[in-house]
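Novice: This is the structure I have questions about; it appears just below.
Residue numbers (UniProt numbering): 1 to 531.
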């Protein structure tokens with residue numbers, strides 16, 4: 001078990017759930033490895049159970065905790081498979097054939113982990129109104145597969161929600177301006193017809209299902225009328241159900257583009273089951289411009305709504321709802337924080353990782369489409385952040401897969417903090433040997449490069465950004481404090497020093513590209529007030 005896992009904010013949150021239950025508190029102390037392995041499976045298991053039942057839930061009913069636990073335990077192998085199938089470093093599988101492990105896991109899931117999900121992972125509209133884009137992106141990840149149905153070729157099927165949510169991401173539904181133009185670009189008749197007539201062989205029931213869609217593509221007049229539904233004037237006049245209807249028709253076109261990844265497009269049927277499954281997400285997913293004002297405030301109906309949705313983030317190791325109480329519990333020992341700024345940085349981190357994951361995911365299906373977007377951001381995505389590499393002119397290859405872009409790779413242990421503080425090296429190559437400093441620089445670069453509001457969220461102050469990163473990604477021991485004012489200031493000073501070393505190398509043209517993804521953008525922030 002990694003040290004960063006042992007020092008996660010997760011344990012503070014679990015202690016809150018255990019409250020005065022001595023047995024559960026004992027498990028939190030003695031069964032950290034088991035709990036760490038169980039939680040991601042349990043969280044995905046909850047989403048799979050909602051697919052199994054075809055339901056949307058505000059929370060897990062207390063009287064159904066055992067039902068959920070039973071489902072998760074029985075389907076552990078399949079849930080593990082979809083969670084880790086493409087992940088390079090997989091945790092070791094649990095062996096539920098051992099009665100002791102089985103009984104202990106059951107007790108922990110029903111008594112600790114499902115209550116944790118109930119407490120922290122179900123959000124009302126007011127709680128996730130700033131995370132609409134992130135939720136749309138991340139929902140495509142958690143709802144990609146449905147273990148409850150097996151395709152004829154034995155593969156796990158994509159879920160009924162996946163093509164629709166993928167469509168929302170493809171057209172950037174959250175950006176009203178330019179929606180019509182993006183749809184025109186994404187759904188070109190020539191490409192759709194080529195995809196329709198190539199790849200795997202359609203089943204007869206699929207051909208019947210897509211007959212009207214195929215005729216729509218071939219008829220120029222009807223095609224133009226269909227696309228006009230997404231023009232500003234028409235889209236603005238639609239109510240929520242009319243927008244869903246238009247997007248559902250668009251989703252049928254998406255299934256043609258995703259033909260080889262979807263075993264049977266007929267699963268969408270008439271859209272009624274899909275609508276019921278994601279109904280509570282839809283107001284912010286496709287109707288946000290109608291329920292929020294220019295000041296980002298929800299109208300009263302949604303602001304006061306008791307409806308909750310299951311967050312697509314599992315809030316295991318990054319959880320602002322437990323982080324702020326943890327910081328407050330440390331009193332004056334902990335560095336002073338700005339709660340709103342810390343919350344904003346947490347939301348930015350969610351936005352950045354969900355953005356990159358979705359970009360990588362769409363690139364798997366439609367590389368040329370994403371390549372056209374990368375061209376505009378080539379310096380950032382290729383030269384600085386090194387997420388893609390150019391294999392030939394205007395054609396790009398992913399340097400990391402969506403399943404292996406993990407926040408956990410950027411967590412910093414207490415030992416690593418101490419290592420930075422004891423650092424007395426003075427030149428850039430030796431600084432670069434310190435992986436912890438590089439982690440800080442890389443996450444900072446991702447935030448500054450991908451999310452434009454990052455710099456303004458910390459008042460263009462590099463030290464504030466460093467502090468918030470060390471609080472969010474740093475260790476959270478229960479019995480002492482690591483993020484003291486002294487430690488944060490020391491690390492900030494060292495980081496500024498390395499940025500200056502990087503700057504000297506730049507000015508002398510004596511710099512290879514080795515450290516650009518850690519220090520180039522932080523240096524720009526450091527120099528901001530000089531410009």
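Note that CB positions come from ideal geometry on N, CA and C, so glycine has one too. Remember, it's a predicted structure, so these values are computed and weren't measured experimentally.
Let me make sure I understand the geometry here. Which of 357, 206, 255 and 333 has the alpha-carbon closest to that of residue 159?
Specialist: Closest by alpha carbon: 255.
Novice: Tell me, please, whether the region 242-261 touches the region 157-176 by the rule of three or more beta-carbon pairs shorter than 8 Å.
Specialist: Counting Cβ pairs under 8 Å, three or more are found: they touch.
Novice: What do you get for residue 137, buried or exposed, if any count of 16 or more other CB atoms within 10 angstroms of its CB means buried?
Specialist: So residue 137 ends up on the buried side.
Novice: Do you know offhand how far residue 453's Cα is from residue 324's?
Specialist: Roughly 22 Å separates the two Cα atoms.
Novice: Can you say whether residue 442 is buried or exposed, counting buried as having 16 or more other CB atoms within 10 angstroms of its CB?
Specialist: Per the 10 Å Cβ criterion, buried.
Novice: When the Cα of residue 361 is compared with those of 201, 380, 388 and 337, which residue comes out closest?
Specialist: When each option's Cα is compared against that of residue 361, the closest is 388.
Novice: Could you tell me which residues DSSP puts in a beta bridge with residue 269?
Specialist: DSSP lists no partner for residue 269.
Novice: For the pair the region 474-485 and the region 375-395, tell me if three or more CB-CB distances fall below 8 Å.
Specialist: No: the two stretches stay apart, fewer than three of their Cβ pairs being nearer than 8 Å.
Novice: Should the region 413-420 be called in touch with the region 1-9, which here means at least 3 C-beta pairs below 8 Å?
Specialist: The region 413-420, when compared against the region 1-9, does touch it at the 8 Å Cβ threshold.
Novice: Can you give the Cα-Cα distance for residue 528 and residue 460, rounded to whole angstroms?
Specialist: Cα to Cα, residue 528 sits roughly 7 Å from residue 460.
Novice: Below 8 Å, can you find three or more Cβ-Cβ pairs linking the region 68-86 to the region 143-157?
Specialist: The region 68-86 vs the region 143-157: in contact.
Novice: Quick one, are the C-beta atoms of residue 112 and residue 17 less than 8 Å apart?
Specialist: Yes, they are a contact pair.
Novice: Would you grab the beta carbon distance between residue 447 and residue 337 for me? Rounded to a whole angstrom, and I think it's under 8 Å.
Specialist: About 17 Å separates the two Cβ atoms, so there is no contact after all.
Novice: Under a Cβ-count criterion, where at least 16 other Cβ atoms within 10 Å of its own Cβ denotes burial, should residue 384 be classed as buried or exposed?
Specialist: Classification of residue 384: buried, given that the 10 Å Cβ count is 16 or more.
Novice: Can you grab the Cα-Cα spacing for the pair residue 202 / residue 253, in whole Å?
Specialist: Spanning the two alpha carbons is a distance of roughly 14 Å.
Novice: In whole angstroms, what is the alpha-carbon distance linking residue 280 and residue 292?
Specialist: Computed Cα separation, rounded: 16 Å.
Novice: When DSSP builds the beta bridges, which residues end up paired with residue 371?
Specialist: Paired residues: none, contrary to the question.
Novice: For residue 36, which residues from the same chain have a beta carbon less than 7 Å from its beta carbon, with the 5 sequence-adjacent residues on both sides left out?
Specialist: These residues qualify, in order along the chain: 1 and 5.
Novice: How about residue 126 and residue 298: are their beta carbons less than 8 Å apart?
Specialist: Contact flag set, yes.
Novice: Please report the straight-line C-alpha distance between residue 135 and residue 508, rounded to a whole angstrom.
Specialist: The straight-line gap from Cα to Cα measures roughly 44 Å.
Novice: Looking at C-alpha atoms only, which residue of 487, 114 and 463 is the closest neighbour of residue 525?
Specialist: Per the Cα distances, 463.
Novice: Excluding the 5 residues flanking residue 471 on each side, which residues of the same chain have their C-beta closer than 8 Å to its C-beta?
Specialist: 323, 327, 335, 337, 342 and 483, listed in sequence order.
Novice: By Cβ distance, which residues of its chain are closer than 7 Å to residue 49, with the 5 residues on each side in sequence left out?
Specialist: Closer than 7 Å at the Cβ level, and outside the excluded window around residue 49, lie 68 and 71.
Novice: Residue 179 and residue 230 look like a contact to me (Cβ under 8 Å); what is the Cβ gap, rounded to whole Å?
Specialist: Yes, they are in contact, since the Cβ atoms of residue 179 and residue 230 sit about 5 Å apart, within 8 Å.
Novice: Would the beta-carbon of residue 494 fall within 8 Å of that of residue 423?
Specialist: Contact: yes.
Novice: Just verifying my parser: in three-state terms, what is the DSSP assignment at residue 148?
Specialist: It is a strand residue.
Novice: Just reading off the beta strand (DSSP E) that residue 489 is part of, what are its end residues?
Specialist: From DSSP, residue 489 is part of no beta strand (DSSP E) but of the alpha helix (DSSP H) over 485-507.
Novice: Between which two residues does the alpha helix (DSSP H) containing residue 481 stretch?
Specialist: First-last for residue 481: undefined, no H or E at that position.
Novice: Out of 261, 283, 128 and 308, which has the shortest C-alpha to C-alpha gap to residue 59?
Specialist: It is 308.
Novice: Tell me the rounded alpha-carbon separation between residue 530 and residue 497.
Specialist: Legend: pLDDT at residue 530 = 49, less than 50; position of this residue unreliable, value from coordinates given subsequently. Each residue's Cα considered, the two are about 17 Å apart.
Novice: If you drop the 5 nearest sequence neighbours on each side, which residues of the same chain put their C-beta closer than 8 Å to that of residue 277?
Specialist: 50, 51, 54, 55, 56, 160 and 161, listed in sequence order.
Novice: Terminal residues of the continuous beta strand (DSSP E) containing residue 230?
Specialist: That residue, residue 230, is in no beta strand (DSSP E); it is neither H nor E in DSSP.
Novice: So, for residue 366: in the same chain, excluding its five sequence neighbours on each side, which residues have a beta-carbon less than 7 Å away from its beta-carbon?
Specialist: Answer for residue 366: 257, listed in chain order.
Novice: Let me confirm a value: residue 536 is counted as buried when at least 16 other C-beta atoms fall within 10 Å, else exposed. Which label applies?
Specialist: A query on residue 536 cannot be resolved here, the shown segment of the chain reaching from 1 to 531 and no further.
Novice: By DSSP's criteria, residue 397 is part of a beta bridge. Which residues make up the other side?
Specialist: Its beta-bridge partners are 389.
Novice: Opposite residue 439 in the DSSP bridges: which residues?
Specialist: Note: residue 439 sits in no beta bridge, so no partner.
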